[in-house]
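What follows is one structure encoded as structure tokens, with my remarks underneath.
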Amino acid sequence: MAYQIKTIGVLTSGGDAPGMNAAIRAVTRAALSNNMQVKGIYRGYKGLIDGEVASFTSENVSGIIQRGGTILKTARCDEFRTPEGRKKAYETVVKEGIDALITIGGDGTFTGARLFSQEFDMPVIGLPGTIDNDLWGTDATIGYDTSLNTIMSCVDKIRDTATSHERIFLVEVMGRDAGFLTLNAAIASGSEAAVIPERATVLEQLEVAIGHGIRKSKNSSIVLVQEHAVEGGVAAVERIIKENNPHYEVRSTILGHLQRGGAPTAQDRILASRMGYAAIQALLEEQRSVMIGIQKNEICYVPLSKAIHEKKDVKQDSWQALQILAI
Ligand code: ATP
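Set out below in structure tokens:
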């Protein structure tokens, strides 16, 4: 090895995602078992700048694998976007004797991590922790499966009301710029349609959705709407439907933050545990600026630059399946 890593720092950053705790646990225990010391950094990059750091033993991460959120807390930190902010963060790194950083978060977190790695010549490993599943190079991100299941069970409940009334139900789903949660929750819940940023215009998607309902002589339709598929979100979609079909009764639900919460599914706990373990293996193999991904159930190393800049598209067969199965 070029130089031995004695101490790693671990932080969570950006939006919280179920399974982050399982990842912190895995990183901590895998590092300890390789005789590395572990420093838990609180509140993401903000804590790195402010020196909110604690030494972690195995006990610090016991009893957390089943808990949603993140014991390290998370934050958005504009100061870290500046060279001055990152310099302050590096001062903490030096003071705490941290040789490598493990950052758990989304593309913003990785953008900051990559800059930090370049500016201070420091190994940084990213774990994809986001419910949006929008990172290139990995089939799944930590938190995605839990969120998908939460959305599915909410829509199942909405369907009980939907089938009792002649209405169109719109359900707004999170995802930032990506439609993975919306499309796959729509398939899993048997929804009539999904409105996502990656595919046809909103009006076209709605026409298909409503058409399906009518053809099937359904008295109700459920349409999942990705939060940024149209400016104004679900309220704007409701307006569009009413303008074009004034006789339709429309009800809207915004699922909001409940999509982030709850105990992680088995799949997310396993994914987070494998990725956390792999992060330490990657450091031992002298990887410096990579995201741990999973492809075809195999762990892989993805350059942070690719994870950030390449665009992951929704699967065309999934999109087609939704259209066909809603008929
Ligand atoms: P999620 O997908 O859940 O929103 P994220 O990691 O993409 O997670 P962001 O809020 O985009 O969330 O980024 C988290 C933090 O990463 C920011 O608050 C900031 O501290 C840092 N960061 C983001 N973009 C940059 C950048 N261009 N340069 C330096 N740091 C950045």
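One gets the numbering used here by counting positions in the sequence shown from 1 and adding 15 to each.
Ideal placement from N, C-alpha and C gives every residue a C-beta, glycine not left out.
Just so you know, these numbers come straight off a predicted model, no measurement behind them.
Going down the chain, each residue whose beta-carbon is closer than 5 Å to a heavy atom of the ligand ATP shows up: Ser28, Gly29, Gly30, Tyr60, Arg91, Cys92, Phe95, Arg96, Gly120, Gly121, Asp122, Gly123, Thr124, Thr126, Gly127, Thr145. Counted as a single uninterrupted DSSP element, the alpha helix (DSSP H) harbouring serine 162 occupies residues 159 to 177. For the set Ile119, Asn164, Gln241, Asp160, the Cα lying nearest the Cα of proline 143 is the one of Ile119. Residue environment analysis places leucine 221 among the buried positions, since at least 16 neighbouring C-beta atoms fall within 10 angstroms of its C-beta. Cβ contact annotation for aspartate 31 (same chain, cutoff 7 Å, sequence separation greater than five): Gly84, Thr85, Thr89, Arg275, in chain order.
Between aspartate 283 and glycine 78, the C-beta gap is not smaller than 7 Å, which leaves the two residues out of contact. Residue pairing of phenylalanine 71 in beta bridges, as defined by DSSP: Val53. In the DSSP assignment, threonine 118 falls within the unbroken beta strand (DSSP E) covering 115 to 120. Look at valine 245 here: in three-state DSSP terms it is coil, with no helix or strand label. Glycine 271 counts as exposed, since fewer than 16 other C-beta atoms from the protein chains shown sit within 10 angstroms of its C-beta. Tyrosine 292 and leucine 319 have their C-alpha atoms some 18 Å from each other. Non-local C-beta neighbours of methionine 51 in its own chain, meaning closer than 7 Å and more than five positions away in sequence, comprise Ile20, Lys21, Thr22, Ile23, ordered along the chain.
Counting only the Cα atoms, isoleucine 113 lies some 39 Å from glutamate 242. Here valine 42 has Val25, Ile117, Gly291, Ala294 as same chain residues with Cβ atoms under 6 Å from its own Cβ, once five neighbours each way along the sequence are excluded.
In the three-state DSSP reduction, glutamine 81 falls in the coil class, being neither helix nor strand. Of the candidates Ser204, Leu218, Arg266, His262, the residue whose Cα lies closest to the Cα of alanine 244 is Leu218.
Excluding the 5 residues flanking it on each side, serine 204 has same chain C-beta neighbours closer than 8 Å at Ile166, Met167, Val170, Asp171, Arg174, Ile237, Leu239, in chain order. Boundaries of the beta strand (DSSP E) harbouring serine 267: 265 to 269, taken from the DSSP string.
Pairing threonine 126 with tyrosine 60, the inter-Cα distance amounts to about 12 Å.
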